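These notes concern the structure reproduced below.
Numbering (the UniProt record's numbering), first residue to last: 1 to 212.
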């Protein structure tokens, strides 16, 4: 009986040690997951802030453009190809309004949806267009990406209220497109035009709101 009792006690002790080990491992995994999640979130936010800055004039803002935002209407979000909640990001310098940035999605790229950011200054002039996500053909349709070519710079300086035809030259508009890859340029140009329409309709009082 003594041997059996000792065996049972050893088995219980081993079970407790295993349970304790499992609890410790679970706690460590949870802690690592939490730290990783926070790190990934911080990295994503930093990357997003950097991209927002790329479509605004250098030195034109000193606020947190990512956090300073205005909710878009359901109709405007749909026009931009965005799901609710959707926002326009507001730039300020010294507390004064200095520009907007909105995201716009072209659903009809050659290889799928093309996501981009469009920035305008306080005078309603486009200050930058940056494609942030696409699957266009490398070496062909990917020239819409500013990292691949200066093609998107042709939008800079265009006034959003000028009533432009936001089309490529092949369709009667003023914007260039590369021969053999018109679909990509056509999709981005139209999406920039939709962003311009939304930005032109933003209520003027938003320009004078207090900085959060």
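Just so it is clear, CB atoms sit at the ideal spot from N, CA and C, and this is done for glycine as well. Values in this document were obtained by computation on a predicted structure and should not be read as measured data.
- Inside the region 35 to 87, DSSP marks whole beta strand (DSSP E) runs of 3 or more residues at positions 69 to 71, from first to last along the chain.
- A direct Cα-Cα distance of roughly 5 angstroms separates residue 81 from residue 105.
- Between the beta-carbon of residue 65 and that of residue 49 there is about 7 angstroms, and that keeps the pair under the 8 angstroms contact cut.
- Residue environment: residue 94 is assigned as exposed (fewer than 16 neighbouring CB atoms within 10 Å of its CB, all protein chains considered).
- Pairing residue 145 with residue 16, the inter-Cα distance amounts to about 58 angstroms.
- 8 angstroms or more divides the Cβ of residue 166 from the Cβ of residue 139.
- Boundaries of the beta strand (DSSP E) around residue 106: 96 to 109.
- For residue 196, the closest alpha carbon among the candidates 147, 149, 127 is that of 127.
- Beyond the five residues adjoining it in sequence on each side, residue 202 comes within less than 8 angstroms, by CB distance, of 70, 88, 100 in the same chain, given in chain order.
- For residue 113, the enclosing beta strand (DSSP E) covers residues 112 to 121.
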